[in-house]
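A.B. asks:
Rendered as structure tokens:
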């Protein structure tokens with residue numbers, strides 16, 4: 001028996017919206033501690049990892065660990081039948097469920113849907129707990145804007161960290177550009193830029209993955225970039241009171 | 256020219 005009720009159903013819709021361009025079919029894992037999801041994109045360059053803690057739900061029960069294989073595209077079709085202010089409940093009775101039930105509740109309406117599940121034998125990757133040598137916290141809409149703008153100039157974006165801040169740069173056929181974001185300790189938390197740089201890094205990434213993932217900015221006003229030289233970068237959106245949505249992106253390395 | 260690396264190079268399959 002599994003039941004998880006989102007107080008804010010819109011949050012679940014934003015999460016699915018943020019990952020739908022990156023991953024097609026995913027295994028949703030549910031157990032006593034909460035819900036998690038880990039899936040790579042088709043090119044095995046990016047990995048999405050979602051972690052939602054049971055304490056963040058209005059109601060949560062999961063007697064036995066469950067794996068529910070679902071198509072993100074079909075999940076979206078079901079979620080499109082819900083309102084952004086609905087409470088959303090996920091439920092299944094069986095131990096080996098073949099469908100996942102959804103209840104959308106608003107003041108004047110209650111809807112019930114069933115999504116057919118699929119069996120996915122997806123390989124899971126072990127993501128080692130890493131001490132990152134550069135960790136940058138910055139406004140998510142600023143990161144989104146920089147990626148979108150520099151992404152117009154070149155498909156690869158460079159990221160260089162230092163004690164002073166973080167620099168994004170591109171060198172393309174049409175020319176080059178760089179954006180340096182300085183640290184600030186403004187009292188407005190959503191505008192703060194913080195850099196913990198034990199070792200500076202200088203990395204290059206395919207910016208289109210950032211642009212696909214940055215829909216997650218709707219989840220949090222801040223984004224955390226964790227980096228070590230020649231290692232995948234982690235973009236993390238903290239989901240208030242519930243958990244986090246992370247994108248791991250493998251770097252591009254000079255030939 | 257830079258080459259895109261795959262995640263399998265960094266993360267092990269469980």
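Residue numbers (our numbering), protein chains in the order written: chain A, 1 to 255; chain B, 256 to 269.
Ideal Cβ placement from N, Cα and C applies to all residues, glycine included.
1. Going by CA-CA distance only, name the one from 65/A, 120/A, 3/A, 90/A that's closest to residue 13/A.
2. Note down, in chain order, each residue of its chain lying with its Cβ closer than 6 Å to the Cβ of residue 30/A, except the 5 sequence neighbours on either side.
3. Going by the CB atoms, is the gap between residue 34/A and residue 55/A shorter than 9 Å?
4. Within this structure, are the beta carbons of residue 153/A and residue 170/A separated by less than 9 Å?
5. Which of helix, strand or coil does DSSP assign to residue 223/A?
6. Is residue 102/A helix, strand or coil by DSSP?
7. From the DSSP output, which residues share a beta bridge with residue 120/A?
8. Report yes if the C-beta distance between residue 236/A and residue 228/A is below 9 Å; otherwise report no.
9. For the alpha helix (DSSP H) that residue 18/A lies in, which residues bound it at each end?
10. Take residue 38/A as the anchor and find which of 85/A, 255/A, 247/A has the nearest alpha-carbon.
11. Quick test of the definition: if touching needs 3 or more C-beta pairs under 8 Å, does the stretch 190-206 of chain A touch the stretch 238-253 of chain A?
12. Can you tell me where the alpha helix (DSSP H) holding residue 76/A begins and where it ends?
13. Is the stretch 104-113 of chain A in contact with the stretch 46-55 of chain A, if contact means three or more CB pairs nearer than 8 Å?
14. So, are the CB atoms of residue 191/A and residue 184/A less than 9 Å apart?
15. Comparing the C-beta of residue 40/A with each C-beta of chain B, is any distance below 9 Å?
16. For residue 215/A and residue 44/A, what's the separation of their Cα atoms in angstroms?
17. On a Cα-Cα basis, can you pick out the residue from 168/A, 5/A, 194/A that is closest to residue 138/A?
18. Tell me which residues share the same chain as residue 26/A and place their Cβ nearer than 7 Å to its Cβ, disregarding the 5 neighbours each side in the sequence.
19. Would you tell me roughly how many angstroms separate the C-alpha atoms of residue 187/A and residue 150/A, rounded to the nearest one?
20. Got a sec: is the Cβ-Cβ distance from residue 10/A to anything in chain B below 9 Å?
21. In whole angstroms, what is the alpha-carbon distance linking residue 21/A and residue 100/A?
22. From the DSSP secondary-structure annotation, give me the bridge partner or partners of residue 256/A.
C.D. replies: According to the structure shown:
1. Cα-wise, what sits closest to residue 13/A is 90/A.
2. The answer, listed in chain order, is 2, 62, 66.
3. Going by C-beta atoms, residue 55/A is nearer than 9 Å to residue 34/A.
4. Contact: yes.
5. Note: residue 223/A maps to strand in three-state DSSP.
6. Residue 102/A sits in a strand when the DSSP states are folded into three classes.
7. Residue pairing from DSSP leaves residue 120/A without any beta-bridge partner.
8. No, the pair does not count as a contact, with Cβ atoms beyond the cut-off.
9. Its alpha helix (DSSP H) spans residues 9-19.
10. The candidate whose alpha carbon is nearest that of residue 38/A is 247/A.
11. Result yes; three or more Cβ-Cβ pairs closer than 8 Å.
12. For residue 76/A, the enclosing alpha helix (DSSP H) begins and ends at 72-79.
13. Flag = no, the stretch 104-113 of chain A and the stretch 46-55 of chain A do not touch.
14. In this structure, residue 184/A lies closer than 9 Å to residue 191/A by Cβ.
15. Yes - at least one Cβ of chain B is within 9 Å of the one on residue 40/A.
16. So the two alpha carbons sit approximately 20 Å from each other.
17. Comparing Cα-Cα distances from residue 138/A to each of 168/A, 5/A, 194/A, the minimum goes to 194/A.
18. Counting only Cβ-Cβ distances below 7 Å, and skipping sequence neighbours, we find 37, 39, 70, 72.
19. The straight-line gap from Cα to Cα measures roughly 28 Å.
20. With 9 Å as the cut-off, residue 10/A does not count as an interface residue toward chain B.
21. When rounded, the distance between both Cα atoms is 22 Å.
22. What is shown of chain A runs 1 to 255, which leaves residue 256/A out entirely.
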